[in-house]
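First up is the structure itself, then whatever we jot down about it.
Residue numbers (full-length UniProt numbering): 1 to 244.
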């Protein structure tokens with residue numbers, strides 16, 4: 001009896017490739033959506049006006065405080081519970097009909113989830129903007145909006161790279177729940193191969209190695225990004241270490 005049947009893997013490579021492509025699509029598009037939506041929401045999150053900041057705080061609290069699987073199932077199965085939604089489906093409304101598609105539901109749920117985390121990461125980075133940068137913006141006569149555009153947000157985006165890298169990796173790994181709504185991602189492909197060949201060890205070990213390789217690649221990319229955009233902070237850290 002073979003410890004690891006490579007024929008199961010080689011014979012199922014096309015299926016694993018399709019699953020990989022589905023995983024990359026869902027993760028990439030969700031991160032793209034979440035990142036760009038998070039920028040204005042982070043600004044709102046820091047607003048002194050409670051009518052502006054409170055709804056964003058409630059949104060991030062809900063999506064960071066509940067499992068992503070629950071969120072996915074709420075979007076996928078919950079939409080059909082609304083009578084007006086069912087009426088829109090019957091009428092063939094182009095927007096609401098998207099909620100009948102597993103792919104869109106997964107993308108929507110993943111996007112909202114990663115957006116919530118990104119909002120808090122970016123808002124925290126904006127709170128920690130060095131006072132000297134804000135004083136420089138005032139000295140140049142910048143308005144608050146102009147300072148946000150030119151100083152605060154660009155600086156915060158650079159400084160959030162280490163924290164955001166963790167969110168990207170967690171989003172990649174969390175996307176494995178997509179198979180719960182009939183999508184064949186990497187995990188779904190492993191389940192199909194397992195049920196067809198009765199080879200759970202081979203299927204899930206191979207998929208685990210793929211996730212490991214993707215994670216390793218992402219870590220490398222973010223290390224390069226840190227070296228590119230955060231290199232100016234290294235001397236400060238070294239100097240602070242010597243002084244302490």
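For glycine and all other residues, C-beta sits at the position ideal for the given N, C-alpha and C. Note that the coordinates shown come from a computational prediction; the quantities given were computed from them, not determined experimentally.
| task | Enumerate in chain order the residues of its own chain whose CB-to-CB distance from residue 137 is below 6 Å, with the five nearest sequence positions on each side excluded. | result | Taking the first residue of the chain shown as 1, we reach residue 137 at position 137. Answer for residue 137: 147 and 151, listed in chain order.
| message | The alpha helix (DSSP H) that contains residue 247, what's its start and end? | response | With the chain represented from 1 up to 244, any question about residue 247 goes unanswered, as that position is not in the structure.
| message | Here's the rule I'm using: 16 or more other beta-carbon atoms within 10 Å means buried, otherwise exposed. How should residue 77 be labelled? | response | Start at 1 with the first residue of the chain shown, and residue 77 comes out as number 77. Exposed, by the Cβ-count rule.
| Helix, strand or coil: how does DSSP classify residue 220 here? | As a working note, residue 220 is residue 220 in the chain shown. Judged by DSSP in its simplified three-state form, residue 220 adopts helix.
| Pairwise C-alpha distance: residue 34 and residue 104 | For the purposes of this step, residue 104 is taken as residue 104 along the chain shown, with counting starting at 1. For the purposes of this step, residue 34 is taken as residue 34 along the chain shown, with counting starting at 1. The straight-line gap from Cα to Cα measures roughly 14 Å.
| task | Inspect the beta-carbon positions of residue 59 and residue 116 and report whether they are closer than 9 Å. | result | Position 59 of the chain shown, counted from the first residue, corresponds to residue 59. Position 116 of the chain shown, counted from the first residue, corresponds to residue 116. Cβ atoms of residue 59 and residue 116: closer than 9 Å.
| query | Measuring CB to CB, does residue 190 end up less than 9 Å from residue 207? | reply | What you label residue 190 is simply residue 190 of the chain shown in a count that begins at 1. What you label residue 207 is simply residue 207 of the chain shown in a count that begins at 1. Contact check for residue 190 against residue 207 passes: the beta carbons are separated by less than 9 Å.
| By Cβ distance, which residues of its chain are closer than 8 Å to residue 183, with the 5 residues on each side in sequence left out? | As a first step, residue 183 is located in the chain shown; it is residue number 183 there, counting from the start. Taken in chain order, the residues that qualify are 22, 26, 102, 103 and 106.
| query | Which term fits residue 10, buried or exposed, when burial requires 16 or more other beta carbons within 10 angstroms of its beta carbon? | reply | Position 10 of the chain shown, counting from 1, holds the residue named residue 10. With fewer than 16 other Cβ atoms within 10 Å, it is exposed.
| query | At what residues does the alpha helix (DSSP H) containing residue 60 begin and finish? | reply | Indexing the chain shown from 1 puts residue 60 at position 60. Note, residue 60: alpha helix (DSSP H), 50-65.
| request: Leaving aside the five residues before and after residue 237 along the sequence, list all residues of the same chain whose C-beta is less than 7 Å from its C-beta, in chain order. | output: Indexing the chain shown from 1 puts residue 237 at position 237. Residue placement at residue 237 cannot be trusted, given a pLDDT of 47 that sits under 50; the coordinates are not used to answer.
| request: Please list, in chain order, all residues of the same chain as residue 160 whose beta carbon is under 7 Å from its beta carbon, the five residues on each side excluded. | output: Translated into the one-based positions of the chain shown, residue 160 becomes position 160. If we look at residue 160 and ignore the five residues flanking it on each side, its Cβ neighbours are 121, 122 and 125.
| task | Leaving out five residues on either side along the sequence, give the residues of the same chain with a beta carbon under 6 Å from the beta carbon of residue 128. | result | Mapped onto the chain shown, residue 128 falls at position 128. Cβ neighbours of residue 128 beyond the five flanking positions: none.
| C-beta atoms of residue 100 and residue 79 nearer than 9 Å | Here residue 100 refers to the residue found at position 100 of the chain shown. Here residue 79 refers to the residue found at position 79 of the chain shown. Yes, Cβ-Cβ distance for residue 100 and residue 79 is below 9 Å.
| With 16 other CB atoms within 10 Å as the buried threshold, where does residue 45 fall? | Counting from one through the chain shown, the residue named residue 45 turns up at place 45. Burial call: buried.
| said: Output needed for residue 186: all residues of its chain with C-beta closer than 8 Å, excluding positions within five of it in sequence on either side, in chain order. | reply: The residue you call residue 186 lines up with position 186 of the chain shown. Cβ neighbours of residue 186 within its own chain (closer than 8 Å, five residues either side excluded): 16, 19, 20, 22, 23, 176, 207, 210 and 211.
| When burial is assigned at 16 or more other CB atoms within 10 Å of the CB, is residue 166 buried or exposed? | As a working mapping, residue 166 is identified with position 166 in the chain shown. The residue is exposed, with fewer than 16 neighbouring Cβ atoms inside 10 Å.
| request: Leaving out five residues on either side along the sequence, give the residues of the same chain with a beta carbon under 6 Å from the beta carbon of residue 197. | output: The count along the chain shown starts at 1 and reaches residue 197 at position 197. Only 8 meet the Cβ criterion.
| On the three-state DSSP scale, how would you describe residue 126? | Taking the first residue of the chain shown as 1, we reach residue 126 at position 126. Three-state DSSP puts residue 126 in a helix.
| task | Let me know if residue 119 comes out buried or exposed under the rule of 16 or more other beta-carbons within 10 Å of its beta-carbon. | result | Along the chain shown, one-based indexing puts residue 119 at 119. With 16 or more other Cβ atoms within 10 Å, it is buried.
| query | With residue 31 and residue 168 assumed to form a contact (beta carbons below 8 Å), what rounded beta-carbon distance in angstroms separates them? | reply | If you number the chain shown from 1, residue 31 lands on position 31. If you number the chain shown from 1, residue 168 lands on position 168. That pair is a contact at about 6 Å.
| task | Inspect the beta-carbon positions of residue 215 and residue 171 and report whether they are closer than 9 Å. | result | Counted from its first residue, the chain shown places residue 215 at position 215. Counted from its first residue, the chain shown places residue 171 at position 171. For residue 215 and residue 171, no; Cβs fall outside 9 Å.
| field | 8 Å contact criterion, which residue 180 and residue 69 should meet: CB distance rounded | value | As a working note, residue 180 is residue 180 in the chain shown. As a working note, residue 69 is residue 69 in the chain shown. Between residue 180 and residue 69, the beta carbon gap of about 6 Å places them in contact (Cβ cut-off 8 Å).
| query | Below 9 Å between beta carbons: does that hold for residue 249 and residue 108? | reply | One cannot answer for residue 249 here, as it falls past the ends of the chain, which runs 1 to 244.
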